[in-house]
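First up is the structure itself, then whatever we jot down about it.
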């Protein structure tokens with residue numbers, strides 16, 4: 077017959093029984109125990125208890141070291157401290173014995189941390205009194221009241237049966253006679269006195285079930301964690317009260333930590349802060365800043381008025397001396413920011429006055445934090461320079477540094493420390509309703525407002541612009557236990573006066589109101605129109621797409637991709653059929669000696685080459701267009717964070733931009749010699765992003781990421797012109813296009829959500845065209861004589877008529893469109909990161925073909941188009957030949973890619 081025990085207590089007693097049967101009957105490795113009480117020794121030096129017993133196995137121990145009070149009164153509480161122990165699972169436990177079971181522990185362990193004493197006299201020690209992450213723990217055990225004075229030992233036992241390491245170690249203590257007869261609970265001990273001169277009411281006796289514990293000392297104004305175990309649950313709506321020194325020391329402002337509220341100097345615990353089904357709870361308490369060093373007590377009180385049992389239990393804690401910052405060491409912290417991605421907090425700091433070349437660690441509110449080291453890596457320390465200074469960004473784990481609350485930052489290097497206080501801003505997002513991965517703050521739309529980082533039960537009462545609250549009377553956000561606040565379906569009106577203005581929120585934490593102005597701005601109206609003028613085809617591409625360019629020679633789109641959802645390890649250069657939108661070939665870039673992941677792409681049809689930028693490897697690479705074989709991988713670190721690349725097909729020279737370059741120049745590479753030829757100087761213009769090259773004139777155009785500037789530089793003569801653009805119309809410029817007929821420059825800017833039309837001849841703004849959120853890429857298509865801009869966050873393709881500089885269509889481009897290109901035959905191609913938008917595991921490609929009334933006059937595009945018109949006329953006259961030609965194309969006798977777009981349209985290829 078099998079017996080199954082569901083009780084957690086029975087399971088711990090079983091473990092204790094196994095400990096008695098196994099650990100004390102096996103050989104062990106000797107570790108010198110920390111004995112603190114005198115005991116008789118035999119000839120071998122082995123100590124002997126007053127009972128005549130000796131520790132089993134010659135006093136050998138393993139698993140850690142114990143120390144204890146030197147003496148304890150009979151019937152009193154013995155404090156035991158452990159160090160060097162391995163951590164145990166949350167459901168794990170230790171067994172506790174006196175004289176290896178020769179002296180039974182009393183069942184009544186009032187005031188102690190040991191519970192569940194079994195018939196063999198073995199007690200159980202469980203969470204939160206087990207070893208912490210440093211391997212340390214402290215507990216109290218009540219010794220029997222009938223012990224005769226003399227030496228005894230207390231042993232702690234741990235079995236691998238609970239998933240923790242095996243432990244068997246002990247320490248000695250001495251029992252002295254009780255001053256008042258002993259055996260009457262805490263009356264056996266002399267009442268403890270606080271540094272204030274106060275003593276606990278009722279002589280320190282407790283009422284009801286439960287034990288309270290703290291595990292560390294605390295400096296004035298810092299945080300201490302209080303643990304409770306063995307408590308009975310409170311009814312719904314119940315509460316517990318927290319006091320220091322029975323109210324003689326008022327509890328102050330908690331800054332959103334731990335306590336639900338503070339009233340008249342007492343803390344209140346409610347809801348999830350109360351004991352759980354297993355009787356356990358814990359909370360953080362900020363102790364007052366003006367406490368003198370010494371001993372204090374925390375009392376937990378429960379009143380029967382809420383329907384629960386009366387409870388009065390206490391624990392002592394020690395306030396240490398406030399450690400002054402080293403006079404020469406200083407730290408200055410800027411406002412902390414909460415990450416909407418994972419809830420971590422980032423705090424920029426500057427440190428000075430430390431020793432040169434010294435490693436500096438950091439804590440926030442007493443919890444160890446990390447330093448950001450770049451490239452998504454963190455470390456425990458940063459190193460000061462030769463002058464003892466350092467700048468860095470602290471990374472705090474989610475849940476440690478709540479927004480809207482002051483936090484203590486301490487930098488340490490040995491005995492040298494510097495301290496400051498910092499506040500943290502929450503993170504605010506406006507997203508597509510029901511899809512937190514897609515942002516939306518467009519006029520005339522609805523958005524979910526998500527606030528990350530506020531402490532639990534904080535409220536968000538205002539979301540708006542200026543004094544205009546977008547929340548209705550029934551809308552309010554309340555932060556949950558995960559520090560997230562979600563207010564669904566907030567209406568953003570179509571008022572054009574709101575465009576470009578920043579969203580502001582107001583929140584309340586523990587009765588204190590805070591305001592945060594976000595970087596989220598109201599973006600242009602994102603309504604779709606004009607789709608009836610285009611035929612749109614959509615297909616899937618592998619995840620990670622970045623840029624695409626068309627090759628007329630290959631009749632192919634070359635598309636780069638690097639998929640960071642796969643730890644950035646998957647990258648590829650793809651060849652895509654523009655007619656079927658299917659991938660016909662893909663290669664993985666070489667990464668032997670450099671990071672060859674591909675991002676930007678340019679095509680040299682004359683030489684049959686495809687150039688790519690290796691942004692993270694600070695390099696470029698060249699591939700054969702026909703089969704994607706590698707022609708040349710340039711060395712790493714020859715162009716910092718290379719982004720875009722274009723090729724002058726008359727010379728074979730490739731030009732690559734760097735948005736983080738420290739020089740005013742654009743890199744040059746030779747496609748014939750396959751050498752790096754230095755750089756093309758652009759005085760007064762740096763941080764180039766997108767590139768556009770006029771193959772006839774040799775004029776190269778770009779826009780700066782970091783400044784409202786554009787440039788035109790002739791790659792054949794070196795002559796350059798820098799254009800100063802309005803700062804309120806160009807922010808984080810990313811791409812350029814040029815209408816050669818009017819010499820108009822079109823600049824797409826992510827920060828201002830627009831395309832700027834700029835007259836380069838007269839150096840003046842023609843139009844500020846509000847296209848959509850995060851305008852990322854723009855092209856001018858000579859076949860349709862239209863400007864096309866992709867708006868990444870908006871998920872749209874905006875079509876602009878350059879004769880009026882007005883929008884004539886706003887088309888759906890899927891989730892997170894990233895680039896746009898054309899085939900000179902009227903078709904426009906947009907690739908997008910649908911896999912990042914939560915709508916698909918694959919990325920997307922859209923092809924837009926203008927309908928007949930939007931297709932340009934073929935005679936204005938190219939000679940091949942004129943030929944096509946003539947051929948169309950002939951075919952129309954002949955009639956039946958149309959079907960024959962269509963059949964020959966479909967079976968491959970006539971290659972489709974050699975035909976102009978009008979014929980492809982006619983034959984549906």
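Numbering (this note's numbering), first residue to last: 77 to 985.
Where is the CB? At the ideal position from N, CA and C, for every residue including glycine.
Worksheet entry | Best match in 876, 462, 419, 393 for proximity to residue 527 [C-alpha to C-alpha] | Looking at 876, 462, 419, 393, the one whose alpha-carbon comes closest to that of residue 527 is 419.
Worksheet item: Which first and last residues belong to the beta strand (DSSP E) in which residue 627 is found?
Response: Note, residue 627: beta strand (DSSP E), 621-627.
Worksheet item: How long is the line joining the alpha carbons of residue 820 and residue 619, rounded to whole angstroms?
Response: Cα to Cα, residue 820 sits roughly 35 Å from residue 619.
Discussion item. Residue 470 and residue 525 - do their beta-carbons sit closer together than 9 Å?
Written reply: Inclusion of residue 525 and residue 470 in the CB contact set at 9 Å is not warranted, their separation being larger than that value.
Worksheet item: In its own chain, which residues sit with a C-beta less than 7 Å from the C-beta of residue 704, not counting the 5 before and 5 after it?
Response: Excluding residues within five positions, the ones whose Cβ falls inside 7 Å are 649, 651, 661, 663.
Practice prompt. Can you give me the Cβ contacts of residue 933 inside the same chain, cut-off strictly under 6 Å, excluding the 5 residues immediately before and after it?
Written response: Confidence at residue 933 is low in this model, with a pLDDT of 38, below 50, so its placement is unreliable and the value that follows should be read with caution. Contacts found: none.
Worksheet entry | Where residue 523 sits in the DSSP three-state scheme | If DSSP states are grouped into helix, strand and coil, residue 523 belongs with the strands.
Worksheet item: Just reading off the beta strand (DSSP E) that residue 24 is part of, what are its end residues?
Response: For the chain, the structure presents residues 77 to 985; residue 24 sits outside this window and is missing.
Worksheet item: Taking just the CA atoms, how far does residue 830 sit from residue 866?
Response: Looking at the backbone, the Cα of residue 866 and that of residue 830 are separated by about 10 Å.
Fill in: Close-in-space but distant-in-sequence residues of the same chain around residue 599 (CB under 6 Å, 5 per side omitted)
Closer than 6 Å at the Cβ level, and outside the excluded window around residue 599, lie 517, 518, 829, 849.
Discussion item. I'd like to confirm the pairing. Which residues does DSSP put opposite residue 652 in its beta bridges?
Written reply: Assignment of beta-bridge partners to residue 652 by DSSP yields 633, 659.
Worksheet item: With burial defined as no fewer than 16 other Cβ atoms inside 10 Å of the residue's Cβ, what is the status of residue 768: buried or exposed?
Response: The residue is buried, with at least 16 neighbouring Cβ atoms inside 10 Å.
Worksheet item: DSSP state of residue 844, grouped into three classes?
Response: If DSSP states are grouped into helix, strand and coil, residue 844 belongs with the strands.
Item to complete: Can you give me the start and stop residues for the beta strand (DSSP E) that residue 306 sits inside?
Response: Annotation for residue 306: no beta strand (DSSP E) segment contains it, and DSSP assigns it neither H nor E.
Discussion item. Quick check: is the beta carbon of residue 156 nearer than 9 Å to any beta carbon in chain B?
Written reply: Note that chain B does not occur in the displayed structure, where there is just one protein chain.
Item to complete: Measuring alpha carbon to alpha carbon, tell me which of 913, 440, 900 ends up nearest residue 629.
Response: Out of 913, 440, 900, 900 has the C-alpha closest to the C-alpha of residue 629.
Worksheet item: Are there 16 or more other CB atoms within 10 angstroms of the CB of residue 544, so buried, or fewer, so exposed?
Response: By the C-beta density criterion, residue 544 is exposed, having fewer than 16 other C-beta atoms within 10 angstroms.
Practice prompt. Throw me the rounded Cβ distance for the residue 491 and residue 396 pair, which I believe falls under 8 Å.
Written response: Their Cβ separation, rounded to whole angstroms, is 15 Å, which puts residue 491 and residue 396 out of contact at 8 Å.
Worksheet item: Who are the Cβ neighbours of residue 659 in its own chain at under 6 Å, not counting the five residues just before and after it?
Response: Answer for residue 659: 650, 652, listed in chain order.
Fill in: Option in 617, 533, 445 with minimal Cα separation from residue 337
Checked all of 617, 533, 445; the closest Cα to residue 337 is 533.
Worksheet item: Smallest Cα separation from residue 836: which of 778, 617, 353?
Response: Comparing Cα-Cα distances from residue 836 to each of 778, 617, 353, the minimum goes to 778.
Discussion item. Cutting at 7 Å between CB atoms, please list the residues of its own chain near residue 175, excluding the five before and the five after it.
Written reply: Excluding residues within five positions, the ones whose Cβ falls inside 7 Å are 125, 127, 129, 228, 229.
Discussion item. My output table needs one value for residue 602: the three-state DSSP class, helix, strand or coil.
Written reply: Residue state, collapsed to three classes: coil.
Worksheet item: So, helix, strand or coil for residue 675, using DSSP?
Response: Residue 675: coil per DSSP, three-state reduction.
Fill in: Backbone CA spacing between residue 325 and residue 268 [nearest angstrom]
Spanning the alpha carbons of residue 325 and residue 268 requires a straight line of approximately 17 Å.
Practice prompt. Within the same chain, show all residues whose beta-carbon is closer than 8 Å to that of residue 753, passing over the 5 residues directly before and after it, in chain order.
Written response: Excluding residues up to 5 positions away in sequence, 729, 744, 745, 746 lie with their Cβ nearer than 8 Å to the Cβ of residue 753 in the same chain.
Worksheet item: Under 9 Å, do residue 382 and residue 306 count as touching if we go by C-beta distance?
Response: In this structure, residue 306 does not lie closer than 9 Å to residue 382 by Cβ.
Worksheet entry | residue 823 versus residue 645: straight-line alpha-carbon distance, rounded | Going by the C-alpha atoms only, they are around 33 Å apart.
Discussion item. Restricting to Cα atoms, I'd like to know which of 369, 149, 251, 616 is closest to residue 986.
Written reply: The displayed coordinates of the chain run from 77 to 985. Any statement about residue 986 would go beyond what the structure contains.
Discussion item. So, with DSSP's three-state summary, where would you put residue 83?
Written reply: Unreliable placement is indicated for residue 83, whose pLDDT of 34 sits below 50; no coordinate value is reported for it.
Worksheet entry | Expected contact under 8 Å - CB spacing of residue 757 and residue 740 to nearest Å | Confirmed, about 7 Å.
Worksheet entry | Cβ neighbours of residue 106 in the same chain (closer than 6 Å, five flanking residues each side left out) | Reliability fails at residue 106, whose pLDDT of 32 lies under 50, so the model's placement of it is uncertain and no value is given.
Discussion item. Does residue 240 pass the burial test, meaning 16 or more other C-beta atoms within 10 Å, or should it be called exposed?
Written reply: Residue 240 should be labelled buried.
Worksheet entry | Euclidean distance between Cα positions of residue 203 and residue 238 | When rounded, the separation of the alpha-carbon atoms in residue 203 and residue 238 is 13 Å.
Fill in: residue 313, DSSP secondary structure in three states
Residue 313 falls in the coil class under three-state DSSP.
Worksheet item: Is the beta carbon of residue 319 less than 9 Å from the beta carbon of residue 343?
Response: Their beta carbons are under 9 Å apart, which means residue 319 touches residue 343 by this criterion.
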